[in-house]
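The structure appears below as structure tokens.
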Amino acid sequence: MSRLLAHRHGITVYHYDFHDARAHQDRRIAHRVLKGLPAADPDPETVWVDTTPERMAADTIADFPLRFA
């Protein structure tokens, strides 16, 4: 849908999830292993439920350099 709307209005669409799911994940895994952390992603309950908005914001900001390096 976003691609159709972007084409209709002459703008560029960026599919963040498509790009994020590719090489960025490899860098995150390598970074975790270098820090001595488990290679696997944390479970969704830990990431989305057992946290605070402040922790989520801090984790997101800290993760950006790894995703876009």
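For the sequence shown, the UniProt record's numbering assigns the number 1 to the initial residue and increments by one for each residue that follows.
Cβ coordinates follow ideal geometry from the N, Cα and C atoms, glycine included.
Three-state secondary structure assigned by DSSP to residue i
| i | result |
| --- | --- |
| ARG3 | helix |
| ALA40 | coil |
| TYR16 | helix |
| THR52 | coil |
| PHE68 | coil |
| ILE11 | coil |
Where the alpha helix (DSSP H) through residue i begins and ends
| i | result |
| --- | --- |
| ASP27 | According to the sequence provided, residue 27 is Arg. The question's Asp does not apply to it. ARG27 -> alpha helix (DSSP H) spans 23 to 34. |
Contact under 9 Å by Cβ, residue i with residue j
| i | j | result |
| --- | --- | --- |
| HIS15 | LEU66 | no |
| VAL13 | ARG28 | no |
Residue from the options whose Cα sits closest to the Cα of residue i
| i | options | result |
| --- | --- | --- |
| PHE64 | HIS24, MET1, ILE11, GLY10 | HIS24 |
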